[in-house]
Ligand SMILES: [Zn+2]
């Protein structure tokens, strides 16, 4: 049998066994894995027992006692390696009163699975697990191996999950599919960079009635730097011409999804969010201390160093003294070639299953995908999604999308490993 016959036989089986697939996703949702706090033992145990029941080899590694990483393998060591990735943690449910249903029920209603993690990303993860199980059950010969990593900490940094696995060469591969929620008709092939800035200003206290002649106002120093950081928003990215089409599509998607006038600019501009600020003791005192935290996101074509340069330039411009700053969580914008083999394979399979062309876009947020791309591994994100509930309330996923993306995963594993 050629790939085409194998794929359509497996697609038929997925349709026949769709209740098992949906049950798997519901079970994953019903296990609370909110992060923080990140109690990941129960969900890890569940996933391991699923792998065991389906005769899939796996191991659990713990860079820290509380951060179990699961690595499941299918196929053989010779040939290429296709990495598959999903995170098993979810963001906290927040205010329960804002949910119309129990976020841990995993109930299926009106063609949707309900609950925290439905889209981000327990349905995508369920799809990957099911895809491996169905390939294993049918004893499909693979001329290489598929390696699934299930990580426990994507929602809080990925330090002990994907970052640890990749930077220590625990896993590596020739391409990677991350089952993050991209939408059934969209493949995410890049993401913005980010810099989180912590600013601290020290000054000199004095009686408020003497300002500005006496004392040295720390709040005013912070305000000057924040004002200058905000000017970064006006800079337009200079990106290579071959990605112009992806940028254009990404802007269209942002506009359509977010429905806010001008929001498409987030794709090719720097965004600056002043997220925290504090300082001062009393109205009639000149403040001798103030601090602020800023979240800055950088489009493809602009390097993270621009932020530090801007702060240094501002300190010089106003001859500011007593300023300390730290740039945390620094990541460069990253992307995979829109025409790379893995992207073509997923796009073709999605088109065959859905009957529509899928777009190839960059996302405005970021995820673990960057760690693979930093290692030079072509990486895409493809997974079922209803965006409105992600990191918010009333999260759901469409049953049909879960089934379709599982078909795409099965087909793409086979096409990539058995050319
Ligand atoms: Zn996610």
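In this note's numbering, the protein residues as written are 218 to 636.
C-beta: ideal position from N, C-alpha, C; glycine also.
Residue i vs residue j beta-carbon contact at 8 Å
i	j	result
residue 193	residue 618	With the chain covering 218 to 636 only, the question about residue 193 has no answer from this structure.
residue 595	residue 545	no
residue 275	residue 260	no
residue 299	residue 570	no
residue 607	residue 336	yes
residue 318	residue 246	no
residue 419	residue 512	no
residue 301	residue 634	no
residue 436	residue 497	yes
residue 364	residue 253	no
residue 368	residue 424	no
residue 248	residue 616	no
residue 403	residue 573	no
residue 380	residue 583	no
residue 551	residue 577	no
residue 406	residue 307	no
residue 231	residue 623	yes
Cα-Cα separation between residue i and residue j, rounded to whole angstroms
i	j	result
residue 476	residue 483	13 Å
residue 439	residue 480	27 Å
residue 488	residue 541	22 Å
residue 520	residue 413	14 Å
residue 233	residue 331	22 Å
residue 456	residue 517	6 Å
residue 251	residue 257	8 Å
residue 325	residue 366	27 Å
residue 525	residue 450	15 Å
residue 657	residue 471	Since the first residue shown for the chain is 218 and the last is 636, residue 657 is missing from the structure and cannot be characterised.
residue 295	residue 285	27 Å
residue 387	residue 282	17 Å
residue 494	residue 415	10 Å
residue 523	residue 491	17 Å
residue 446	residue 533	14 Å
residue 500	residue 466	50 Å
Presumed contact (8 Å Cβ cut-off) between residue i and residue j, rounded CB distance
i	j	result
residue 264	residue 627	Not quite, the Cβ-Cβ distance comes to about 18 Å (not below 8 Å), so this is no contact.
residue 344	residue 289	With 8 Å as the limit, residue 344 and residue 289 do not qualify as a contact, their Cβ atoms being about 14 Å apart.
residue 563	residue 625	6 Å
residue 588	residue 255	With a Cβ gap of about 19 Å, residue 588 and residue 255 do not count as contacting.
residue 432	residue 417	Actually they do not touch by this definition, with Cβ atoms about 18 Å apart.
residue 503	residue 434	5 Å
residue 348	residue 601	13 Å between Cβ atoms; not a contact.
residue 244	residue 334	Not really, about 11 Å apart at Cβ, beyond 8 Å.
residue 460	residue 357	Their Cβ separation, rounded to whole angstroms, is 35 Å, which puts residue 460 and residue 357 out of contact at 8 Å.
Range of the contiguous alpha helix (DSSP H) that encloses residue i
i	result
residue 381	379-384
residue 225	220-233
residue 343	340-354
residue 537	Per DSSP, residue 537 belongs to no alpha helix (DSSP H) and is neither H nor E.
residue 623	616-634
residue 560	558-571
Limits of the unbroken beta strand (DSSP E) element including residue i
i	result
residue 405	403-408
residue 578	576-580
residue 264	Not the beta strand (DSSP E): residue 264 falls in the alpha helix (DSSP H), residues 258-270.
residue 286	286-292
residue 329	329-331
residue 297	297-304
residue 495	488-496
residue 206	For the chain, the structure presents residues 218 to 636; residue 206 sits outside this window and is missing.
residue 598	596-598
residue 362	361-368
residue 275	274-278
residue 394	392-395
Pocket of ligand 1 (residues with CB nearer than 7 Å to any heavy atom), chain order: Result: 304, 337, 338, 371, 372, 397, 398, 584.
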